[in-house]
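Chemist:
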Amino acid sequence: MALQSVCGWDPNLSKELMPRNLCPFPVLKFANSPYILLSRHGFSDSTRYPEGPPPPEHGTTTLAFIYSGGVVAATDTRSSAGHLVCSPDSRKATLIHSHLLASTSGSAADCQLFGRALSRECRLYQLRNGYMPSVRGAAKMLSMMMMPFRGTKICAAVTLSGWDRNGPCICYVYNDGTRISSNVISVGSGSPYAYSVIDDGYRVDMEEEEARQLARRAVCHAGRRDAYSGGSVDVYWIREGGCERDPREDLVQLYEKLVQEETEKWGTNEMGKSKK
1 MALQSVCGWD
11 PNLSKELMPR
21 NLCPFPVLKF
31 ANSPYILLSR
41 HGFSDSTRYP
51 EGPPPPEHGT
61 TTLAFIYSGG
71 VVAATDTRSS
81 AGHLVCSPDS
91 RKATLIHSHL
101 LASTSGSAAD
111 CQLFGRALSR
121 ECRLYQLRNG
131 YMPSVRGAAK
141 MLSMMMMPFR
151 GTKICAAVTL
161 SGWDRNGPCI
171 CYVYNDGTRI
181 SSNVISVGSG
191 SPYAYSVIDD
201 GYRVDMEEEE
211 ARQLARRAVC
221 HAGRRDAYSG
231 GSVDVYWIRE
241 GGCERDPRED
251 LVQLYEKLVQ
261 EETEKWGTNE
271 MGKSKK
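Numbered per UniProt numbering, the sequence shown finishes at 276, counting up by one with no gaps.
1. Identify whether I154 lies in helix, strand or coil by the three-state DSSP scheme.
2. Which word fits H83, buried or exposed, when buried means at least 16 other C-beta atoms lie within 10 angstroms of its C-beta?
3. Report all residues from its chain with a CB closer than 7 Å to the CB of F25; omit the five preceding and five following residues, and keep chain order.
4. Shortest alpha-carbon distance to A74 belongs to which of M141, S105, S68?
5. Can you give me the C-alpha to C-alpha distance between I185 and T159, rounded to a whole angstrom?
6. List in chain order: all unbroken alpha helix (DSSP H) runs of 4+ residues lying wholly within the segment 94-152.
7. Any chance the segment 156-172 sits against the segment 196-207, with 3 or more Cβ pairs inside 8 Å?
8. Buried or exposed for I66, going by 16 or more other Cβ atoms inside 10 Å?
9. Give me, in chain order, the residues of the same chain whose beta-carbon lies closer than 7 Å to that of G242; leave out the 5 immediate sequence neighbours on both sides.
10. V219: which of D76, G59, V71 sits nearest, CA to CA?
11. Are the CB atoms of R136 and S181 within a distance shorter than 8 Å?
12. Find out if the Cβ-Cβ distance for the pair G188, R78 is shorter than 8 Å.
13. Between the C-alpha atoms of N166 and G69, what's the straight-line distance to the nearest angstrom?
14. If you follow the alpha helix (DSSP H) that A211 is in, where does it begin and where does it stop?
15. Could you check which residue in V233, F149, M147 has the C-alpha nearest to that of P247?
16. So, are the CB atoms of S143 and G177 less than 8 Å apart?
17. Name, in chain order, the residues that DSSP records as bridge partners for Y67.
18. Touch check for the segment 146-159 and the segment 119-135: three-plus C-beta pairs under 8 Å?
19. Nearest-angstrom Cα distance between L38 and C86?
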């Protein structure tokens, strides 16, 4: 064939390479790890990690809670791998359908994969039954998708925030198939700091502006104290009419604004000392 001639592919290539290596160029040896491949070609002389570096740690801050008008969800935007910041402005929430939002924590690839799979299954459910599944139904579908991967290196924790026929609902699904439903859920390395802020000011009958301030403040303080969280804050609203997103705010500027407001209100600085 013409393409074979251009590429220089030899159909009589040694058969012992073909089952393990479908590349027509015998000088390129595929390996299970890119670090092994690079070391074979002299790009790395490190002997500390012969099989490559250890798996990177994952960190994030996501939260969701129910208020009087629906559900508010908030996330930071920092993507990290170990001690490295991969991206300061990633989006950690995926719209499954018009009334269901998935905020994710864990491996970005795993979370995107399961988010797309859940979106597809919800659409198929709607085509078969004429209506979208409930939030708990979608959580059960996602749990069944993740359960076969129990015990593997899959890393995905998904918080489903939505509005269905029963009203607002929040469900948490872990990669081993665990499902939890609650009025307040926070996930990620910054969740202890977020919980400390939410527990101090949360009420189910909160109004929209009060819920907005609480969500922003919780993510802001988590990003301030947690090294793996930061960047900006995204706030989402899931109401009876659908899902909306507030403009993104930088966490550093937001923190300075909150400190200034606290100083003017209570006469103290960020360390709790009296203002002179």
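Think of the CB as a built atom: it goes at the ideal place given N, C-alpha and C, for glycine as much as any other residue.
None of these values were measured; they are calculated from a predicted model.
Modeler: In terms of the structure at hand:
1. Sequence index remark: in the sequence shown, residue 154 carries index 154 (1-based). I154 falls in the coil class under three-state DSSP.
2. The residue you call residue 83 lines up with position 83 of the sequence shown. Counting Cβ neighbours within 10 Å, H83 comes out exposed, since fewer than 16 surround it.
3. For the purposes of this step, residue 25 is taken as residue 25 along the sequence shown, with counting starting at 1. Residue placement at F25 is poorly supported in this model, since its pLDDT is 40, which falls under 50; the coordinates are not used for a value here.
4. Working through the sequence shown from its first residue, we reach residue 74 at position 74. Ranking the options by Cα distance to A74, first place goes to S105.
5. Sequence index remark: in the sequence shown, residue 185 carries index 185 (1-based). Sequence index remark: in the sequence shown, residue 159 carries index 159 (1-based). Taking the straight line from one Cα to the other gives about 8 Å.
6. 108-129, 135-146
7. no
8. For the purposes of this step, residue 66 is taken as the residue at position 66 of the sequence shown. So I66 ends up on the buried side.
9. Against the sequence shown, residue 242 aligns to sequence position 242. Answer for G242: S98, H99, listed in chain order.
10. Taking the first residue of the sequence shown as 1, we reach residue 219 at position 219. Closest option to V219, Cα to Cα, is D76.
11. Position 181 of the sequence shown, counting from 1, holds the residue named residue 181. Position 136 of the sequence shown, counting from 1, holds the residue named residue 136. Yes, these two residues count as a Cβ contact at 8 Å.
12. In the sequence shown, residue 188 corresponds to position 188, counting from 1. In the sequence shown, residue 78 corresponds to position 78, counting from 1. The answer is no: Cβ separation not under 8 Å.
13. Position 166 of the sequence shown, counting from 1, holds the residue named residue 166. Position 69 of the sequence shown, counting from 1, holds the residue named residue 69. Roughly 13 Å separates the two Cα atoms.
14. Working through the sequence shown from its first residue, we reach residue 211 at position 211. Note, A211: alpha helix (DSSP H), 208-225.
15. Working through the sequence shown from its first residue, we reach residue 247 at position 247. Answer by Cα proximity: V233.
16. Translated into positions along the sequence shown, residue 143 becomes position 143. Translated into positions along the sequence shown, residue 177 becomes position 177. Yes, the Cβ-Cβ distance between S143 and G177 is below 8 Å.
17. By 1-based counting over the sequence shown, the position of residue 67 is 67. G70, per the DSSP bridge assignment.
18. no
19. Numbered from 1 along the sequence shown, position 38 holds the residue referred to as residue 38. Numbered from 1 along the sequence shown, position 86 holds the residue referred to as residue 86. Confidence in L38 is poor, its pLDDT being 49 and thus under 50, which makes the residue's placement too unreliable to answer from.
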